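The structure under discussion appears below in the form of structure tokens.
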Amino acid sequence: MPKKSRDRAEWERTKYAEATKRVPVRAKFETTYGAPLPPIFDPNGTDPGLPGEPPFTRGIQPTMYRGRLWTMRQYAGFGTAEESNARYRYLLEHGQTGLSVAFDLPTQMGYDADDPRVAGEVGKVGVSISSFDDFARLFEGIPIGQVTTSMTINATAAILLAMYVAIAKRQGVADDRVGGTTQNDILKEYIARGTYIFPPRPSMRLATDLIAYCSERHPRWNPISISGYHIREAGADAVQELAFTFADAIAYVDAALERGLDVDRFAPQLSFFFAAHSTLLEEVAKFRAARRVWASIMRDRYGAKAPASLALRFHTQTMGSTLTAQQPQNNIVRTAIEALAAVLGGTQSLHTNAYDEALGLPTEDSVRIALRTQQIIAEESGVAETIDPLGGAHAIEALTSDIERRTLAEIEKIDGQGGALAGIETGYQQRAIEDSAYKQQRAVESKEKVIVGVNAYRAQGGEAEVPITRVDPAVVERQRSRLAALRARRDSGRAQKARADLVAGARGTANLVPLILAAVEADVTLGEICADLREVFGTYVPPRL
46 MPKKSRDRAE
56 WERTKYAEAT
66 KRVPVRAKFE
76 TTYGAPLPPI
86 FDPNGTDPGL
96 PGEPPFTRGI
106 QPTMYRGRLW
116 TMRQYAGFGT
126 AEESNARYRY
136 LLEHGQTGLS
146 VAFDLPTQMG
156 YDADDPRVAG
166 EVGKVGVSIS
176 SFDDFARLFE
186 GIPIGQVTTS
196 MTINATAAIL
206 LAMYVAIAKR
216 QGVADDRVGG
226 TTQNDILKEY
236 IARGTYIFPP
246 RPSMRLATDL
256 IAYCSERHPR
266 WNPISISGYH
276 IREAGADAVQ
286 ELAFTFADAI
296 AYVDAALERG
306 LDVDRFAPQL
316 SFFFAAHSTL
326 LEEVAKFRAA
336 RRVWASIMRD
346 RYGAKAPASL
356 ALRFHTQTMG
366 STLTAQQPQN
376 NIVRTAIEAL
386 AAVLGGTQSL
396 HTNAYDEALG
406 LPTEDSVRIA
416 LRTQQIIAEE
426 SGVAETIDPL
436 GGAHAIEALT
446 SDIERRTLAE
456 IEKIDGQGGA
466 LAGIETGYQQ
476 RAIEDSAYKQ
486 QRAVESKEKV
496 IVGVNAYRAQ
506 GGEAEVPITR
516 VDPAVVERQR
526 SRLAALRARR
536 DSGRAQKARA
546 DLVAGARGTA
556 NLVPLILAAV
566 EADVTLGEIC
576 ADLREVFGTY
586 VPPRL
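Counting from 1, position 504 in the sequence shown corresponds to residue 549 in our numbering; the numbering is continuous, with no gaps.
Below you can see the structure in the form of structure tokens.
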């Protein structure tokens, strides 16, 4: 028997058997005609390694989805905390297995809902959170010790994490049981998204403070989700998505090491967030290449020893920019293909976009279809029953290696410019994304790239109207009244002291997360905390490119 086949046979007898003792096997795995399905197919040609072993090309768990499915999250939030809480309960009732919170732009940008500068945006693209009082209503009746929560929040991540910790304390949840993720990836905001507040260097301090705090207090919390999703949505190609994301990750790891943290202590809590495009085979290869690149970065650049430090854990979202307002039901198919790419690529959690998101906030019906898309892939397609089912296919292995090589070359180029932060300050990544987006748009306009229902196969005779969710404009007044009542009843002396302590800490070198937590528990609002930090750190003005 060839050595490679012996290795696979030995793996099936030992490591896979051991892993299945630790992870309950979900079901009996066999074909429709009754033959048993092996956990992994033995590829011909290039050997991509074994699942659950560095460099994790085939997945970070020995059993992958045969042991446990990915976490199904539906990104949701709009209007008031009560409305969003009702949507979370609805999704949990329909089989969602993790929460994912969308915050409105005022919350993301550090303004309270009663600030006149943001009146038109309150509750529009996410839930309005100005205070701990709002946050308590958002999680009313949800046992956060039993679910994990992902929060898409960056500039104000430390404040929202402090609110979550305060809720956990109120519910009696121990620190080591608080599970979830704060996105907290401020660098990609300067590159692609724009919801920054402070200049890059103080923003890096806040991000690193959160990493240090969670490494000490909350081992089940991912203090950062380094995001390629928004980079891809802004127009980057697959290689740029990985390269720019990992360059940002290198900057965060460097900052944590400069803080004196041990790499094998904090690296297992680093997580990532990628996009799933409709180019199915390329996306599967991208995810496989990403695991190899990260393992090599952690091993070769940082000397990490623990396998968990080398293992790339990531959330995936199907791409909003591929959704079309024309023939919106076509988006159901697009989302299914993108979700399938994420699953075939070995994601740890997944959000599927609703088909009506090119028109407005999704309805209950459309988010249910989006969730059912994941469930059908999981329960009916059979792709979760074999680890890395496309591994060994020539096209997949060739694409994986090519994307890996190109990604490492682009990271080396960014290194040569002084790293991600220096590149952001000169506009390198921003210009590269703009050039890629322009190239893609030209391809659509010239019909070199076909978008069904947009530049080809258009509907004849008009399209049926699609119902969308609309936010009640009265949400602004409700939030204003609540903030006024909060400020009237809080202990003003305690609030003022908490704010003064935070400003003093910001002027020094203290970790700001405990000071922010004290301010949150003293009913200091999100807008007040950010106003105090703006006085110390200033605000960011992007360079003219």
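For every residue, glycine included, the Cβ atom is placed at its ideal position computed from N, Cα and C. For clarity, every value in this text was computed on a predicted model and none was experimentally measured.
Where in the stretch 213 to 275 do unbroken runs of the beta strand (DSSP E), each at least 3 residues long, occur, reported from the N-terminal end onward? 225 to 227, 269 to 272
Candidates R535, A555, L547, P587: closest to S176 by CA position: R535
Just to confirm before moving on: does the CB-CB distance between T227 and L251 stay below 8 Å? no
Among L466, A567, A351, which has the Cα closest to the Cα of P245? L466
For E75, which of helix, strand or coil comes out of DSSP? strand
Three-pair Cβ contact test at 8 Å for the stretch 139 to 154 versus the stretch 463 to 479: no
I'd like the span of the beta strand (DSSP E) that includes M196, first residue to last. 194 to 197
How is R534 classed by DSSP in three states: helix, strand or coil? helix
Entirely enclosed beta strand (DSSP E) segments - the stretch 319 to 349, minimum 3 residues: none
Using 8 Å as the cut-off, can you tell me whether the stretch 111 to 119 makes contact with the stretch 391 to 399, which would need three or more C-beta pairs spanning the two stretches below that distance? yes
Under 8 Å between the Cβ atoms of D293 and K350? no
If we call anything under 8 Å between Cβ atoms a contact, is D230 one with N267? no
Quick one, are the C-beta atoms of W126 and I174 less than 8 Å apart? According to the sequence shown, residue 126 is Ala rather than Trp. For A126 and I174, yes; Cβs fall inside 8 Å.
Whose CA, out of R337, V521, R162, G538, lies closest to the CA of V569? G538
Residue closest to I421, alpha-carbon to alpha-carbon, out of E449, L385, D282: L385
Leaving out five residues before and five after A429 in sequence, what residues of the same chain have Cβ atoms less than 6 Å from its Cβ? Y110, A423
Under DSSP, the alpha helix (DSSP H) around S411 begins and ends at which residues? 409 to 424
Close beta carbons around T445, own chain, < 6 Å, minus the five adjacent residues each side: A330, R333, A334
Would you identify the three-state DSSP class for L287, choosing helix, strand or coil? helix
Please report the residue range of the alpha helix (DSSP H) in which R476 lies. 473 to 490
Give me whichever residues DSSP pairs with I85 in a beta bridge. I432
If I measure Cβ to Cβ from G498 and keep anything under 8 Å in the same chain, skipping five residues before and after, which residues do I get? T369, Q371, Q372, N375, A504
Where F123 sits in the DSSP three-state scheme: coil
Could you give the C-beta distance for H275 and A237, rounded to a whole number, given that I count them as a contact under 8 Å? 5 Å
Less than 8 Å between the C-beta atoms of L406 and I242, yes or no? no
Take S260 as the anchor and find which of T240, V298, V284, S272 has the nearest alpha-carbon. V298
Assumed close pair D159, L528 - CB separation to whole angstroms, cut-off 8 Å: 5 Å
Length of the line joining the Cα atoms of I105 and G94: 11 Å
Just the Cα atoms here: how many angstroms apart are R346 and V338? 11 Å
DSSP beta-bridge partners of V497: A501
Check the DSSP bridge columns for H29 and list the partner residues they point to. The chain is shown from 46 up to 590; residue 29 falls before or after that span and cannot be answered.
Beta-carbon within less than 7 Å of L453's beta-carbon, same chain only, minus the 5 sequence neighbours each way: which residues are those? V338
Residue span of the alpha helix (DSSP H) that contains G572, given as start and end: 571 to 582
Rank L306, D307, R222, E328 by C-alpha distance to the C-alpha of G273 and give the top, closest one. E328
Between the C-alpha atoms of A563 and A543, what's the straight-line distance to the nearest angstrom? 6 Å
Environment of G348 [buried if 16+ CB atoms lie within 10 Å]: exposed
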